[in-house]
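*Asks:* Mapping the sequence shown onto the numbering used here, position 96 (from 1) lands on 96, and the numbers just tick up by one.
Got a structure for you, questions after.
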Amino acid sequence: MKSPLKIAVAGLGTVGAGTLQLLERHAERLAVRAGRPIVVTAVSARNRQADRGADLSSMRWCADALELAAIPDVDVVVELIGGSDGVARQLVEAALAAGKHVVTANKALMAHHGTALAQEAEKHGVALTFEAAVAGGIPIIKTLREGLAANRISRVYGILNGTTNYILTTMRESGREFAEVLAEAQKLGYAEADPSFDIDGVDASHKLAILASVAFGRPVDLAGVYTEGIRHVSRLDIDFAEELGYRIKLLGIARLTENGLEQRVHPCMVKRATPIAAVEGVFNGIVAEGDFVGRVVLEGRGAGAHPTASAVVADLVDIAAGHHVPTFGVPAASLEKLPGAPMESHRGAYYIRLMVLDQPGVIADIAAALRDQQVSMESMIQHGRAPGEAVPIVLTTHDTVEAAMRRALEAIAKLGTVLEPPRMIRIEDF
Ligand SMILES: NC(=O)c1ccc[n+]([C@@H]2O[C@H](COP(=O)([O-])OP(=O)(O)OC[C@H]3O[C@@H](n4cnc5c(N)ncnc54)[C@H](OP(=O)(O)O)[C@@H]3O)[C@@H](O)[C@H]2O)c1
């Protein structure tokens with residue numbers, strides 16, 4: 001057997017500890033798969049005393065994570081600290097510059113600096129891999145980069161954030177409102193104390209930008225991702241979606257359009273019978289569409305110590321076996337810039353919910369505002385009557401352009417009989 005692959009691990013939290021445990025538990029199996037043992041020779045974290053659920057006695061402890069990049073016989077630096085800048089970025093840059101392979105789970109880092117880091121890795125002839133950064137245990141990066149390499153990908157989309165999927169699933173199943181379910185998710189540890197990264201769609205936008213880069217061979221363009229979270233999704237919307245045959249999911253969607261690359265993260269209505277609608281709770285699900293293969297669906301755990309470690313270690317096995325491919329599937333110099341398609345030019349169907357005063361003429365005024373923008377209504381739901389009182393009205397539209405839809409909603413919001421800002425959710429045609 002060949003000499004061991006020597007690795008240094010920075011960050012021993014959820015993912016780092018899980019990675020050490022996996023490497024320890026499956027040491028023999030991994031050595032066979034990789035053709036050589038994978039050995040952790042050094043680690044770094046803040047608290048040396050903490051129990052990591054793995055035996056660290058044979059490993060060198062570095063109080064300063066940056067030291068790991070300078071250890072001569074370390075082949076791979078595994079960055080599991082997190083954050084788009086700071087120590088994580090410095091360590092990855094230093095490791096690449098020192099000619100060491102890098103494995104990271106850090107989506108923020110890859111979304112902000114992925115293209116530059118890929119160039120750096122290439123310059124030094126080393127691998128930079130990040131399977132764990134998108135959808136945790138689901139091997140979507142390898143699937144897109146290698147398994148589907150023969151295809152022209154037209155669209156990739158999915159549930160990229162387990163916290164928001166858990167909240168939306170629980171709202172539907174329990175009939176409770178967003179704030180209550182969020183508080184429960186925080187208690188259960190599914191949501192952070194500051195949940196904005198998840199519920200405002202930021203985390204999903206990082207992952208989508210990375211996915212789009214791998215799927216379409218473009219530089220990572222985080223600024224080009226239109227992002228909307230789930231704060232405004234109410235139980236009423238979830239109930240109406242059920243009635244219309246849909247589920248509401250926070251999706252990341254990237255596709256090639258005639259206006260350029262469309263990248264968007266927002267709540268979507270998806271038909272109940274689609275595979276993505278069946279991905280519930282904390283699970284993630286991703287669909288890729290290729291011209292030769294057709295539709296490929298992957299589902300699994302998008303976070304947690306073990307699933308994420310599974311992805312980190314898969315990257316290590318590839319490196320140990322000498323299997324290197326360019327970071328985003330094509331050489332960094334071949335990543336082709338493509339203009340981003342502005343959200344205003346997005347074309348699709350829409351769900352609109354209005355709270356209106358139940359009085360004669362309301363519907364006619366709303367219909368006129370839609371007509372003025374050439375938005376064509378597909379269906380309308382109003383349950384019962386409550387003359388003089390507030391009632392919800394739901395409309396769905398045929399395909400229309402987002403800019404026209406927004407103008408129509410601005411006009412509708414100004415009607416005296418419309419009591420709350422209109423709610424709009426895009427309907428997807430999967
Ligand atoms: N958690 C998941 O399920 C998941 C899934 C996919 C991707 N990721 C990504 O994986 C990365 C790690 O996430 P995590 O959940 O494992 O985070 P975490 O539990 O907060 O762990 C972070 C680790 O980094 C260490 N650390 C912090 N600052 C450091 C510094 N200056 N020098 C050395 N070590 C330092 C911490 O040390 P102490 O333990 O001593 O405080 C801790 O061990 C992030 O990029 C995250 O986005 C996480």
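Glycine included, every Cβ here is placed at the ideal spot set by N, Cα and C.
For Gly290 versus Ile153, is the C-beta spacing smaller than 8 angstroms?
*Replies:* Mapped onto the sequence shown, residue 290 falls at position 290. Mapped onto the sequence shown, residue 153 falls at position 153. In this structure, Ile153 lies closer than 8 angstroms to Gly290 by Cβ.
*Asks:* As a quick exercise: from Val287, Ala332, Asp372, pick the residue whose alpha carbon is nearest that of Thr143.
*Replies:* As a position in the sequence shown, residue 143 is number 143, starting the count at 1. Closest by alpha carbon: Val287.
*Asks:* If you measure from the CB of Val92, is any heavy atom of ligand 1 nearer than 7 angstroms?
*Replies:* Position 92 of the sequence shown, counted from the start, is the residue given in the question as residue 92. Outside the cutoff, so no.
*Asks:* Is the beta carbon of Gly137 less than 8 angstroms from the beta carbon of Arg301?
*Replies:* Mapped onto the sequence shown, residue 137 falls at position 137. Mapped onto the sequence shown, residue 301 falls at position 301. For Gly137 and Arg301, yes; Cβs fall inside 8 angstroms.
*Asks:* Can we count Ala46 as close to ligand 1, meaning its CB is less than 7 angstroms from some heavy atom?
*Replies:* Your numbering for residue 46 matches position 46 in the sequence shown. The residue you asked about is not Ala; residue 46 is Arg in the sequence shown. The answer is yes for Arg46.
*Asks:* Thinking C-beta only, is Thr163 closer than 8 angstroms to Ala185?
*Replies:* As a first step, residue 185 must be located in the sequence shown, where it is residue number 185. As a first step, residue 163 must be located in the sequence shown, where it is residue number 163. Taking 8 angstroms as the Cβ cut-off, Ala185 and Thr163 qualify as a contacting pair.
*Asks:* For the beta strand (DSSP E) holding Ala288, just list the boundary residues, first then last.
*Replies:* For this step, residue 288 is matched to residue 288 along the sequence shown. Per DSSP, Ala288 belongs to the beta strand (DSSP E) from 283-290.
*Asks:* Let me know the beta strand (DSSP E) ranges lying completely inside the segment 88-159, each 3 residues or longer, listed in chain order.
*Replies:* DSSP runs (the beta strand (DSSP E)) wholly in the segment 88-159: 101-104, 153-159.
*Asks:* In terms of residue numbering, what span does the beta strand (DSSP E) encompassing Arg385 cover?
*Replies:* On the sequence shown, position 385 is the one that residue 385 refers to. No beta strand (DSSP E) holds Arg385; DSSP gives it neither H nor E.
*Asks:* CB-CB under 8 angstroms to Leu148, same chain, minus the five flanking residues each way: which ones, in chain order?
*Replies:* The residue you call residue 148 lines up with position 148 of the sequence shown. Within the same chain, Leu148 has close Cβ partners Ala288, Gly290, Val293, Val296.
*Asks:* Quick one: what's got a C-beta closer than 6 angstroms to Val19's C-beta in the same chain, skipping five residues either side?
*Replies:* Taking the sequence shown and counting its residues from 1, one reaches residue 19 at position 19. Looking at the sequence provided, one finds Thr at residue 19 rather than Val. Hits under 6 angstroms: Ala309, Val312.
*Asks:* To which residues does DSSP link Ala8 through a beta bridge?
*Replies:* Here residue 8 refers to the residue found at position 8 when the sequence shown is read from its first residue. BP columns for Ala8 point to Ala42, Val77.
*Asks:* Cutting at 8 angstroms between CB atoms, please list the residues of its own chain near Ile319, excluding the five before and the five after it.
*Replies:* Taking the sequence shown and counting its residues from 1, one reaches residue 319 at position 319. The answer, listed in chain order, is Leu5, Asp75, Val76, His101, Val103, Ala127, Thr129.
*Asks:* I'd like the span of the beta strand (DSSP E) that includes Glu295, first residue to last.
*Replies:* The sequence position of residue 295 within the sequence shown is 295, counting from 1. The sequence shown places Arg at residue 295, rather than the Glu named in the question. Looking at the DSSP string, the run of the beta strand (DSSP E) that includes Arg295 is 294-301.
*Asks:* Please state whether DSSP places Thr400 in a helix, a strand or coil.
*Replies:* The residue you call residue 400 lines up with position 400 of the sequence shown. Correct three-state label for Thr400: strand.
*Asks:* Helix, strand or coil: how does DSSP classify Glu243 here?
*Replies:* Along the sequence shown, read from residue 1 onward, the residue named residue 243 stands at position 243. The answer is helix: DSSP assigns Glu243 an H, G or I state.
*Asks:* Run the proximity test for Asn106: is its beta-carbon closer than 7 angstroms to any non-hydrogen atom belonging to ligand 1?
*Replies:* Against the sequence shown, residue 106 aligns to sequence position 106. Answer for Asn106: yes, Cβ within range of ligand 1.
*Asks:* Where does Pro422 land, buried or exposed, given buried means 16+ other C-beta within 10 angstroms?
*Replies:* Taking the first residue of the sequence shown as 1, we reach residue 422 at position 422. When all chains shown are included, Pro422 counts as buried.
*Asks:* Roughly how many angstroms separate the alpha carbons of Met343 and Arg264, rounded to a whole number?
*Replies:* The sequence position of residue 343 within the sequence shown is 343, counting from 1. The sequence position of residue 264 within the sequence shown is 264, counting from 1. Computed Cα separation, rounded: 8 angstroms.
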